[in-house]
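Participant: Numbering (mature numbering (1 follows the signal peptide of the UniProt record, and there is no 0)), first residue to last: -19 to -1, 1 to 121. Note that the Cβ used here is the ideal one computed from N, Cα and C, for glycine as well. Structure in structure tokens, see below.
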């Protein structure tokens, strides 16, 4: 019993780390999606970036509505992989879960001097190959 308690205590920090594996700019967007829908998510993700105010970026909200028509309600997300691309840039591969299917997402973030991470680029698709590198899907 004592051994089990020790194992549980030691695993608690790693479980908490999973929740913090994405930057605030991404988690805020997912929270905005849950509470305010697709447009709120996009606006949250592009806040403070060069994409802020972009009509092309905001048009992605329509794509999310089409996904919801097909896959049902958005349920949450899972981080598949994150990759440090240097001291200021990161890549996040994320699955977005819906009632009847999954959406694959790729986010690139950048850390400006003395500021929080901002989103530089993002892409979504129902087909994995259209978003993620093939070796991530099929192996090397």
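Report the residue ranges of all alpha helix (DSSP H) runs contained in full by the region 21 to 84; include only those spanning at least 4 residues, in chain order.
Facilitator: As far as the region 21 to 84 is concerned, its whole alpha helix (DSSP H) runs of at least 4 residues are 36 to 39 and 41 to 52.
Participant: Ends of the beta strand (DSSP E) at residue 104?
Facilitator: Where residue 104 is concerned, the enclosing beta strand (DSSP E) stretches over 99 to 106.
Participant: Among 75, 82 and 71, which has the Cα closest to the Cα of residue 91?
Facilitator: Answer by Cα proximity: 71.
Participant: Compute the distance between the beta-carbons of residue 25 and residue 9, then report whether it is under 7 Å.
Facilitator: Yes; because the gap between Cβ atoms is below 7 Å, this pair is in contact.
Participant: Please name the residue, chosen from 118, 107, 16 and 42, that lies closest to residue 52 on a Cα-to-Cα basis.
Facilitator: Among 118, 107, 16 and 42, the Cα nearest to that of residue 52 is on 107.
Participant: Secondary structure at residue 96, three-state DSSP: helix, strand or coil?
Facilitator: DSSP places residue 96 in coil when its eight states are reduced to three.
Participant: Rounded to a whole number of angstroms, what is the C-alpha to C-alpha distance between residue 59 and residue 75?
Facilitator: Using only the alpha carbons, I get a separation of about 6 Å.
Participant: Could you name the residues of the same chain whose beta carbon sits closer than 7 Å to that of residue 113, not counting the 5 residues immediately before and after it, in chain order?
Facilitator: 74, 85 and 87, listed in sequence order.
Participant: Distance check for residue 65 and residue 82, CA to CA, integer angstroms please.
Facilitator: Each residue's alpha carbon lies about 28 Å from the other.
Participant: Cutting at 6 Å between CB atoms, please list the residues of its own chain near residue 54, excluding the five before and the five after it.
Facilitator: The residues are 80.
Participant: Taking buried to mean at least 16 other C-beta atoms within 10 Å of its own C-beta, is residue 38 buried or exposed?
Facilitator: Classification of residue 38: buried, given that the 10 Å Cβ count is 16 or more.
Participant: Do you know how far the Cα of residue 69 is from the Cα of residue 105?
Facilitator: The alpha-carbon atoms of residue 105 and residue 69 are separated by roughly 23 Å.
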